[in-house]
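Residue numbers (the working numbering), protein chains in the order written: chain A, 414 to 546; chain B, 3 to 731.
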């Protein structure tokens, strides 16, 4: 049980319920936000260890959220994994360029998705060194 | 031309005319115009009774035996003094058949007549007895009538023939005879008087005398009708130009379409009807050039009317030739198709708009479907994995089935999106150096679950040691999964799916992969349509099917994007085999601009190996693509090639560069790599280890051999390098 805190930003309530259960079962604590404005507020308040971000959000685009998160001192190095229904052909590169560590199209494979989360959380320690810990 | 039949039946050969015999321009009155005569006129022209008297005179005057044949060499009638010819021919060729008097060899029937008509000159045949016979062609314009055959011709007349008397006897004027003869070949009067040219000239002059008037009136009539036709055409611009592009004639249609009156434009260059941009880009000249080389040119584009307004024209240019002689000019047919063009533009816009709407609709649908699908996926897997408590075996079975269907739905949604990309030409492939063995293994691991359900075994006959392919691994995986899943779908329980591969025998640059099943097979008429969009073959026996029927359509598109092709062979009841080809990875092709003859000869082709090592620990795999981009920035793509990942090993942190560098160039690349890497990795946790080998090739070998040699050596060096590194670990 790592106890890392994960923030899920997604406006789809059923997804929040389903994914939260999965993450909790894997030992993470979970907080949620359902629109672009509250997302940043929740992120500032909770200072999560990792963010799972949808791209299509009420009150703003996921890319906007990503940009704002990158502007916050506390969250500048927090890994963001994009989980979106959008076409990766158009959005994956853009998301990675904007600072996301991974892009998953919905629905993701549980195993691959959790592996990416674990990797991203491990990476935060030596992110700039490019070395495996 | 001499057709010699001296040694018997098959010893015939054409010899150059060595003696002054009938030579060229045999019966051509006017070779620039071709007319067709009605059958009656033709029969008149070949009426033997009309010819009989003149032939007799002709033979007597020239002191030869004479007969008339049609174009096939068939005798049309006998002259009393022609007898010696037939007698002689009969003696020369005992197998000679009536009706084909000039066939003195069995192998070349009537060659002399055919040859005479083809060349337009007299053709001389020497028979076994050493006697010479001549076939004189009779043609009016391009119309072949037949030939006059003269037997027992002299090489050279022992005494000059008096031209006037000869002419008078045949009924033509001396001047006419002389003109015809001169037109055939520039001969002196003295030569003509003693040579066989006279035979041709006389026959020709006679033809002209008797039939010239008929022919001319016929020509005039045809020309007149043609002129009326051309002038009367109002919907097409018809005009002619000289070889430089200056207008020489202009019909009413041209005047209506382009606004210039005939008097205004004749003599002007046709570039005045082109737009200024076209004139600047030398389009008029280019079109004439094309017409000159190909004989014709076709074009569609904007043209200018006299009032400078544009219209969209469809243009045909035909080159006018004079026989095989110089270009006389060009004929142009032009049609105003502005309306058609407008409609085409509107239709194309509508098509694009429809495609765009369809894409945005399908992309929206696919997006909207994915959201609930994701929730279902999470809830199903959560319960199935026991996150909410224990699950009974029966519940597990149902949930597993639900999950299966979620995956199917997900694939269908992906297909929907792919199809819109195919239709808007957005589907992309990113070819890489890929191992076919690994691609098949990957696909099998995905398809295994589906196969297990029906107890279908998956067999791979893909042998290690095959060459690598140049393909997008994700896309090839998609194609293979499509084909394998398809096979599973149409194969009854306990069947087998086999994937095999072979190099194409006819083209070693392609690898052919095949997926065979033991299913129901595809009927011949359905084989044609399986690759069509939304094709799913219905058959009574098989009812359990799923999918949108887009898999093969998308696969076909993906294969063709790789430059390969896909097809199916099948026998109803015995299963189907789908084949597709992928280009084989070729170092020689990738490095073609490095492996040039000068580079190879100068010995400047260099293989540079860059091992990126971590000062502590190991290099993380995730940054390999980044590293690759850094190295790409260090080379000059015009001179050097950064090879694709050459190993399937997980830690592929060795990069290879093939360059045309020599030692100094190598130092430049090495220092640039060091510098760029420090910028990229400012903590200095990474360090490049760079080595190089300059490849000298054996001189004296051909370019292809040198390329093969250098390719093989690079491959060996790369393998040795990777193996060496492996053993160090």
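Here a beta-carbon is modelled for each residue, glycine too, at the ideal position from N, C-alpha and C. Here the structure is a predicted model, which means the values were calculated and not measured.
Three-state secondary structure (DSSP) of residue i
i              : result
residue 274(B) : helix
residue 472(A) : coil
residue 662(B) : strand
residue 331(B) : strand
residue 687(B) : coil
residue 418(A) : strand
residue 316(B) : strand
residue 26(B)  : Residue placement at residue 26(B) is flagged as unreliable, the pLDDT there being 35, under the threshold of 50; a coordinate-derived value is accordingly withheld.
residue 715(B) : helix
residue 103(B) : Confidence at residue 103(B) is low in this model, with a pLDDT of 43, below 50, so its placement is unreliable and the value that follows should be read with caution. If DSSP states are grouped into helix, strand and coil, residue 103(B) belongs with coil.
residue 520(B) : coil
residue 702(B) : coil
residue 541(A) : Because residue 541(A) carries a pLDDT of 38, less than 50, the predicted location of this residue cannot be relied on, and the following value inherits that uncertainty. Coil.
residue 459(A) : helix
residue 580(B) : strand
residue 481(B) : helix
residue 468(B) : coil
residue 337(B) : strand
residue 725(B) : helix
residue 554(B) : helix
residue 720(B) : helix
residue 740(B) : Only positions 3 to 731 of chain B appear in this structure, which leaves residue 740(B) out of reach.
residue 487(B) : helix
residue 432(B) : coil
residue 499(B) : strand
residue 437(B) : coil
residue 237(B) : coil
residue 139(B) : strand
residue 676(B) : helix
residue 323(B) : strand
Distance between beta carbons of residue j and residue i, contact taken as under 8 Å
i              : j              : result
residue 2(B)   : residue 698(B) : The shown model of chain B, from 3 to 731, leaves out residue 2(B), and the question about it has no answer.
residue 628(B) : residue 644(B) : Not confirmed; about 14 Å, so no contact.
residue 467(A) : residue 423(A) : 4 Å
residue 485(B) : residue 517(B) : 4 Å
residue 514(A) : residue 533(A) : 5 Å
residue 523(B) : residue 603(B) : That pair is no contact at about 57 Å.
residue 149(B) : residue 182(B) : About 17 Å; that fails the 8 Å criterion.
residue 610(B) : residue 676(B) : The pair is not a contact, with the Cβ atoms about 13 Å apart (cut-off 8 Å).
residue 384(B) : residue 431(A) : 6 Å
residue 478(B) : residue 418(B) : Actually they are not in contact, since the Cβ atoms of residue 478(B) and residue 418(B) sit about 21 Å apart, beyond 8 Å.
residue 321(B) : residue 294(B) : 6 Å
Review point. Residues in the stretch 496 to 507 of chain A with C-beta within 7 Å of chain B's C-beta atoms, listed in sequence order?
Key: Contact residues of the stretch 496 to 507 of chain A toward chain B are 498, 499 and 500 (C-beta to C-beta distance below 7 Å).
Review point. Can you list, in chain order, the stretches of the alpha helix (DSSP H) that have 4 or more residues and sit fully within the stretch 342 to 430 of chain B?
Key: Look at the stretch 342 to 430 of chain B and you find these whole runs of alpha helix (DSSP H), each 4 residues long or longer: 395 to 425.
Practice item. Could you tell me whether the stretch 352 to 367 of chain B touches the stretch 259 to 274 of chain B, where touching means 3 or more Cβ pairs closer than 8 Å? Key: By the criterion of at least three beta-carbon pairs nearer than 8 Å, the stretch 352 to 367 of chain B is not in contact with the stretch 259 to 274 of chain B.
**Study point:** Any 3 or more C-beta pairs closer than 8 Å across the stretch 552 to 566 of chain B and the stretch 440 to 460 of chain B
**Key:** Using a Cβ-Cβ distance cut-off of 8 Å, the stretch 552 to 566 of chain B and the stretch 440 to 460 of chain B are not in contact, since fewer than three pairs of beta carbons, one from each stretch, lie closer than that value.
Exercise for review: Count the CB pairs spanning the stretch 491 to 503 of chain A and the stretch 444 to 455 of chain A that are closer than 8 Å, and state whether there are at least three.
Suggested key: They do not touch, by the three-pair rule.
Point to revise | Those runs of the alpha helix (DSSP H) which lie wholly inside the stretch 241 to 297 of chain B and span at least 4 residues | key: Whole alpha helix (DSSP H) segments, 4+ residues: 254 to 260, 264 to 267, 278 to 282 and 285 to 296.
Review point. For the stretch 378 to 389 of chain B, which residues have a CB atom closer than 7 Å to at least one CB atom of chain A, in sequence order?
Key: So the list reads 379, 380, 381, 383, 384 and 389, given in the order they occur along the chain.
Point to revise | Where the stretch 419 to 443 of chain B meets chain A: residues whose CB sits under 7 Å from a CB there | key: For the stretch 419 to 443 of chain B, residues whose beta-carbon sits nearer than 7 Å to a beta-carbon of chain A comprise 419.
Check your understanding: When Cβ atoms are compared, which residues of the stretch 507 to 531 of chain A fall closer than 7 Å to chain B?
Key -> Closer than 7 Å at the C-beta level to chain B, one finds these residues of the stretch 507 to 531 of chain A: 519, 520 and 523.
Practice item. Check each residue of the stretch 354 to 371 of chain B: if its Cβ is closer than 7 Å to any Cβ of chain A, include it; give the result in chain order. Key: For the stretch 354 to 371 of chain B, which is checked against every Cβ of chain A, the residues closer than 7 Å are 365 and 369.
**Study point:** Residues, ordered as in the chain, of the stretch 417 to 439 of chain A that lie near chain B by beta-carbon distance below 7 Å
**Key:** Among the residues of the stretch 417 to 439 of chain A, those with a Cβ less than 7 Å away from any Cβ of chain B are 425, 427, 428, 431, 432, 434, 435 and 438, in the order of the chain.
Review point. Between the stretch 473 to 490 of chain A and the stretch 427 to 441 of chain A, do three or more beta carbon pairs fall short of 8 Å?
Key: No, the stretch 473 to 490 of chain A does not touch the stretch 427 to 441 of chain A.
Exercise for review: Please confirm if the stretch 668 to 687 of chain B is in contact with the stretch 706 to 724 of chain B, defined as three or more CB-CB distances below 8 Å between the two stretches.
Suggested key: Touching, no, given that fewer than three Cβ pairs across the two stretches are closer than 8 Å.
**Study point:** Every unbroken alpha helix (DSSP H) inside the stretch 588 to 670 of chain B [4 residues or more]
**Key:** As far as the stretch 588 to 670 of chain B is concerned, its whole alpha helix (DSSP H) runs of at least 4 residues are 589 to 592, 599 to 604 and 626 to 634.
Point to revise | Given 8 Å, three or more beta-carbon pairs between the stretch 523 to 537 of chain B and the stretch 437 to 454 of chain B | key: Taking 8 Å as the limit for Cβ pairs, the verdict is that the stretch 437 to 454 of chain B does not touch the stretch 523 to 537 of chain B.
Review point. What are the complete beta strand (DSSP E) segments, minimum 3 residues, inside the stretch 421 to 449 of chain A?
Key: Fully contained in the stretch 421 to 449 of chain A are the following beta strand (DSSP E) runs of length 3 or more, in chain order: 442 to 446.
Point to revise | Touching by the beta-carbon criterion (3+ pairs, under 8 Å), the stretch 230 to 249 of chain B and the stretch 326 to 343 of chain B | key: Result yes; three or more Cβ-Cβ pairs closer than 8 Å.
**Study point:** Segments assigned alpha helix (DSSP H), at least 4 residues, entirely inside the stretch 483 to 545 of chain A
**Key:** Correct list: 501 to 510 and 523 to 536.
Exercise for review: Report yes or no: do three or more beta-carbon pairs, one from the stretch 303 to 320 of chain B and one from the stretch 337 to 351 of chain B, lie closer than 8 Å?
Suggested key: As far as the Cβ criterion goes, the stretch 303 to 320 of chain B touches the stretch 337 to 351 of chain B, which means the pair count is three or higher.
**Study point:** Cβ-based contacts, 9 Å cut-off: residues of the stretch 238 to 271 of chain B near chain A
**Key:** Under the 9 Å Cβ criterion, the stretch 238 to 271 of chain B contributes no residue.
Check your understanding: At a Cβ cut of 8 Å, what residues of the stretch 389 to 421 of chain B count as close to chain A, listed as they run along the chain?
Key -> Going along the stretch 389 to 421 of chain B in chain order, one finds 389, 390, 408, 412 and 419 with a Cβ nearer than 8 Å to chain A.
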